[in-house]
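*Asks:* Chains W and S are the protein sequences, given in the same order. The UniProt record's numbering puts the last residue of the first sequence at 278; the count rises by one with no breaks. The UniProt record's numbering puts the last residue of the second sequence at 278; the count rises by one with no breaks.
There are 2 protein chains.
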Amino acid sequence: MAWKAIGIFDSGVGGLTVLKEVVRALPQEDTIYLGDTARVPYGTKSPETVVRYSRQITRYLLSRDIKVLVVACNTASAVALSALQQEFSIPIVGVIEPGARAAAAVTKSGKVGVIGTTATVASSAYTKAIKRINPEIEVVSRACPLFVPLAEEGWVDNEVARLTAGIYLEDLKKHGVDTLVLGCTHYPILRKVIAEVMGPEVTLVDAAEQTALTVAGILAEQGLLRPKGERGNHHYYVTDIPAGFIRIGNRFLGGDFGDVYQVNLEQEQQEEEVEETD
Amino acid sequence: MAWKAIGIFDSGVGGLTVLKEVVRALPQEDTIYLGDTARVPYGTKSPETVVRYSRQITRYLLSRDIKVLVVACNTASAVALSALQQEFSIPIVGVIEPGARAAAAVTKSGKVGVIGTTATVASSAYTKAIKRINPEIEVVSRACPLFVPLAEEGWVDNEVARLTAGIYLEDLKKHGVDTLVLGCTHYPILRKVIAEVMGPEVTLVDAAEQTALTVAGILAEQGLLRPKGERGNHHYYVTDIPAGFIRIGNRFLGGDFGDVYQVNLEQEQQEEEVEETD
Numbered sequence: 001m002a003w004k005a006i007g008i009f010d011s012g013v014g015g016l017t018v019l020k021e022v023v024r025a026l027p028q029e030d031t032i033y034l035g036d037t038a039r040v041p042y043g044t045k046s047p048e049t050v051v052r053y054s055r056q057i058t059r060y061l062l063s064r065d066i067k068v069l070v071v072a073c074n075t076a077s078a079v080a081l082s083a084l085q086q087e088f089s090i091p092i093v094g095v096i097e098p099g100a101r102a103a104a105a106v107t108k109s110g111k112v113g114v115i116g117t118t119a120t121v122a123s124s125a126y127t128k129a130i131k132r133i134n135p136e137i138e139v140v141s142r143a144c145p146l147f148v149p150l151a152e153e154g155w156v157d158n159e160v161a162r163l164t165a166g167i168y169l170e171d172l173k174k175h176g177v178d179t180l181v182l183g184c185t186h187y188p189i190l191r192k193v194i195a196e197v198m199g200p201e202v203t204l205v206d207a208a209e210q211t212a213l214t215v216a217g218i219l220a221e222q223g224l225l226r227p228k229g230e231r232g233n234h235h236y237y238v239t240d241i242p243a244g245f246i247r248i249g250n251r252f253l254g255g256d257f258g259d260v261y262q263v264n265l266e267q268e269q270q271e272e273e274v275e276e277t278d
Numbered sequence: 001m002a003w004k005a006i007g008i009f010d011s012g013v014g015g016l017t018v019l020k021e022v023v024r025a026l027p028q029e030d031t032i033y034l035g036d037t038a039r040v041p042y043g044t045k046s047p048e049t050v051v052r053y054s055r056q057i058t059r060y061l062l063s064r065d066i067k068v069l070v071v072a073c074n075t076a077s078a079v080a081l082s083a084l085q086q087e088f089s090i091p092i093v094g095v096i097e098p099g100a101r102a103a104a105a106v107t108k109s110g111k112v113g114v115i116g117t118t119a120t121v122a123s124s125a126y127t128k129a130i131k132r133i134n135p136e137i138e139v140v141s142r143a144c145p146l147f148v149p150l151a152e153e154g155w156v157d158n159e160v161a162r163l164t165a166g167i168y169l170e171d172l173k174k175h176g177v178d179t180l181v182l183g184c185t186h187y188p189i190l191r192k193v194i195a196e197v198m199g200p201e202v203t204l205v206d207a208a209e210q211t212a213l214t215v216a217g218i219l220a221e222q223g224l225l226r227p228k229g230e231r232g233n234h235h236y237y238v239t240d241i242p243a244g245f246i247r248i249g250n251r252f253l254g255g256d257f258g259d260v261y262q263v264n265l266e267q268e269q270q271e272e273e274v275e276e277t278d
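1) Going by the beta-carbon positions, is the gap between S:G217 and S:G99 smaller than 8 Å?
2) Measuring CA to CA, which of S:V51, S:K111, S:P149, S:A38 is closest to S:Y261?
3) Could you work out which residue in W:S46, W:T44, W:L81 is closest to W:I57 when comparing CA atoms only?
4) From S:V263 to W:A2, what distance separates their C-alpha atoms?
5) Let's test the definition: count the other Cβ atoms within 10 Å of the Cβ of W:S11 and tell me whether it reaches 16, buried, or not, exposed.
6) Taking C-alpha atoms, which residue in S:L69, S:G229, S:I115 lies nearest to S:G94?
7) Are W:S123 and S:I241 closer than 8 Å when you measure CB to CB?
8) If you measure from the beta carbon of W:K192 to each beta carbon in chain S, is any gap under 8 Å?
9) Can you find a C-beta in chain S that's less than 8 Å from the C-beta of W:V160?
10) Could you tell me whether the Cβ of S:E275 comes closer than 8 Å to any Cβ of chain W?
11) For W:R231 and S:G199, what's the separation of their Cα atoms in angstroms?
12) If you follow the beta strand (DSSP E) that S:V95 is part of, which residue opens it and which one closes it?
13) Closest to S:Y187 by CA distance: which of S:Q86, S:Y237, S:S54, S:T117 is it?
14) Taking the straight line between their C-alpha atoms, what separation do you get for S:S89 and W:L84?
15) Determine the direct distance from the alpha carbon of S:K173 to that of S:E152, and round the result to whole angstroms.
16) Which of the three DSSP states is assigned to S:L182 in this structure?
17) Answer yes or no: does any C-beta atom of chain S fall closer than 8 Å to that of W:P149?
18) Mind pulling the beta strand (DSSP E) runs of 3 or more residues that sit fully within the segment 101–167 of chain S?
19) Of all the CB atoms in chain W, is at least one closer than 8 Å to the CB of S:T164?
20) Tell me which same chain residues have a C-beta within less than 7 Å of the C-beta of W:T277, skipping the five on either side of it?
21) Give the range of the alpha helix (DSSP H) segment to which W:F252 is assigned.
22) For S:I241 and chain W, any beta-carbon pair shorter than 8 Å?
23) Would you say S:K45 lies against chain W (beta-carbon separation less than 8 Å)?
24) Could you tell me which of S:V18, S:A5, S:Q28 sits nearest to S:P227, measuring between CA atoms?
25) How is W:Y237 classed by DSSP in three states: helix, strand or coil?
26) Please confirm if residue 279 of chain S has its CB atom under 8 Å from at least one CB of chain W.
27) May I ask you to list, following chain order, the residues of the segment 48–63 of chain S that have a beta carbon less than 8 Å from some beta carbon of chain W?
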């Protein structure tokens, strides 16, 4: 039998940080990555719209025969995960729960900061997830809408990035958090500046590694792990033309990756819906 | 007979600056504005994708019975205008040509700067348009991808905005331009900081007013102007939920505007295409 792939999606290129950890943890697995570059970003859009886009992408990846789906986008994890889990039968893993677990394990003071997109912060998804694990932990969160464009512009270590981080993180510092969740897949790109502003006593947590381990655990439990020693193939799909994705993706993954193909999800959806009305 | 409306579209909220000038020039006209907030921004996306979105929007506005279409988005004007003009029979006005005319009329030194999104600058649309008017004029252009998120964050007069403008505008200053085209509908929001960086000897040009006069001219020429003294109605449509559009739109228009409705263009397109295959 052919082994099915691990499906991973993000609004754009940021989820490649999660893919990287999945490949590190499970080098034998095939992956299919979809970046919705024609409609990026999700973080400034409404939950309704993000749910609609996430459904279209999940349907597309299911048509490519995946065994597990990773919602690598924090915004989509925050607002669409439960809708996807209700609608589709394969295991679906978001990044919020693993990030929350990591933060709860790391904090000593019981004060955790969370930064993310406007949509992620508005959803309170991290706060709820952390408090489910430990209701004693105090969670302070802050939307940082300029971090994504700064990362995509490559301004990750200049005065603009430092000043911006200073403004966004001021309140979190004042609250005395000892742990800061980087609640957006773009933010690890700005890790250096964020760490400088927060100071050495604050631990930065990103959910990528924890998410990869969660995926490995689910596949192991369900007997779906491919034998070790194999080497997985990796396929990349985007909804806009691939050029920008490849350029910024190389900055994220730090090297070349394979071919990237364009797909039209609106058409996919349309065919789907036409079939439904038959 | 009922008078048809003026259709105006933008990737989001920025085109309201053009709408404002259209209403000032032609207060008797009805307008229908569409902001594609579910897929904003266009400026980082490929020409192919922007053309596809622009076609969907034009079809939608035509179904609402408009007599002229204003492409208020610089990116869509730069990459999609000629495709739209070829496909649709009503007059279609972009913002590039009016902006280029204004800049050519203003410059004394013959050195014009143009700032815009990555897609607008990559298209060279302003350079070509200015050189069609006067091939002697030297045009220097620069993409400023962080200006849109800064304007939407409301950081229009702080140190981050000033530093960012300083970096983006440095080369244009060195080139000694005496005229700077604000080639994105968001940029007038940052006018103060841009003017500070460029200095008092540089004239800032935005296309909104010129575009409105172009529309007035076309309607007058074709006998489609509504009689003066009437007062137009204004309808607003967006593709994401209206909340964010209303909040940022009030910052743009400086006051309340009427009801804003949500529309699903993917569904519109789908119906359209289903009809075509009948």
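Each residue gets a CB set at the ideal place from its N, CA and C atoms; glycine is no exception. A quick note: this is a predicted structure, and the numbers were derived from the prediction, not measured.
*Replies:* Quick look at the numbers:
1) no
2) S:A38
3) W:L81
4) C-alpha separation (whole angstroms): 43 Å.
5) buried
6) S:L69
7) No.
8) no
9) yes
10) Low per-residue confidence applies at S:E275: pLDDT is 37, beneath 50, and the placement is therefore not dependable enough to give any value.
11) 59 Å
12) Where S:V95 is concerned, there is no enclosing beta strand (DSSP E), given that its DSSP letter is neither H nor E.
13) S:T117
14) Approximately 43 Å, taken between the alpha carbons.
15) 25 Å
16) strand
17) Closer than 8 Å to the CB of W:P149 there is at least one CB belonging to chain S.
18) 111–116, 138–143
19) yes
20) With a pLDDT of only 34 at W:T277, under 50, the local geometry of the prediction cannot be trusted, and the value read off the model is given with reservation. Answer for W:T277: no residue qualifies.
21) 243–253
22) For S:I241, the answer is yes, since a Cβ of chain W falls inside 8 Å of its Cβ.
23) Closer than 8 Å to some Cβ of chain W, the Cβ of S:K45 qualifies, so yes.
24) S:Q28
25) Of the three classes helix, strand and coil, the one that applies to W:Y237 here is strand, per DSSP.
26) Limits of chain S in this structure are 1 at one end and 278 at the other, which puts residue 279 of chain S out of reach.
27) Residues passing the 8 Å Cβ filter: E48, T49.
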